[in-house]
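When we follow our numbering, the leftmost residue of the sequence shown carries the number 1099, and every step to the right adds one.
Glycine residues also receive a C-beta, built at the ideal position from the N, C-alpha and C atoms.
Encoded as structure tokens, the structure appears first; notes follow it.
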Amino acid sequence: IPIKLSLSFATADDDSTFEEFYRDSVILITGGTGFLGKVLVEKLLRKFPIKRIYLLIRRKNNMTAQERLERLFQEELFIKLRGENPEFGEKVVPIAADYEAFDLDIAEEDKLTLVNEVEIVFNIVASVKFNEKLRDAMGINVLGTKKVLELSQQMQCLKSFLHISTLYSSCQRKYVGERCYSPKITYEQVIQIDRIADNDTFEAIQHCLIGEMPNTYTVTRDGQRIW
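See the structure below:
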């Protein structure tokens, strides 16, 4: 039986459409210093006429958000961009944040700037430690996502919110279809867990929540779907 295949490829018109979409746009990226995030940052700066990128950056290893950004731009990934446009860093603004803190611990002035200016949000941040303690993984992967979403809902100019997840969120399934599956963990469970102050209790119930999932990373990435 003959089979007819219909293939489509990106054209120059598609490129111009993307270019117009990003022209003079203001973008917020969470997880911009991670493996996927920094590739996105470099691509946006090199290929599109954007106006500004705000990066929510966690304080880490006694380094400020600005120091972590400066270290990021020294990586090999940015060599080509540095050669083409040595001033590219002027378009990137680091904003200190804590995904486990109330209201993300963003300075009020910075929050107002984001609310008034940002048009596009890429939510990429995640704890990718497979054996992270349940409380910590829940704080960043589930509740952290909720806080970023709530912040984005306040943005006056928002036209796109893109959440980046992982195939591992459905790793217990033999077949993953193109559909949204219900999360293994419920909203009520997340709230109850968040209110438990005793770390020993957390450890005691961890295996119950993980169930057939292999670790805390996959169960909390799956749990992001509740929002």
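Nearest candidate by alpha-carbon position, reference isoleucine 1155, set Ser1123, Leu1143 and Ile1193: Ile1193
List the whole-angstrom C-beta distance separating serine 1327 from lysine 1158, where the pair is believed to meet the contact cut-off of C-beta under 8 Å. In this structure the chain extends from 1099 to 1325, so residue 1327 is not present and cannot be described.
Measure the alpha-carbon distance for phenylalanine 1171 versus alanine 1302 and round it to whole angstroms. 42 Å
Valine 1240 versus glutamine 1322: straight-line alpha-carbon distance, rounded: 5 Å
From the DSSP secondary-structure annotation, give me the bridge partner or partners of phenylalanine 1220. Ile1127 and Leu1260
Report buried or exposed for tyrosine 1279, applying the criterion of at least 16 other Cβ atoms within 10 angstroms of its Cβ. exposed
Nearest to proline 1312 by alpha carbon, out of Leu1260, Arg1271, Thr1299 and Arg1277? Arg1271
Tell me the rounded alpha-carbon separation between aspartate 1320 and methionine 1161. 31 Å
Give the DSSP-derived three-state secondary structure of isoleucine 1193 in the structure shown. strand
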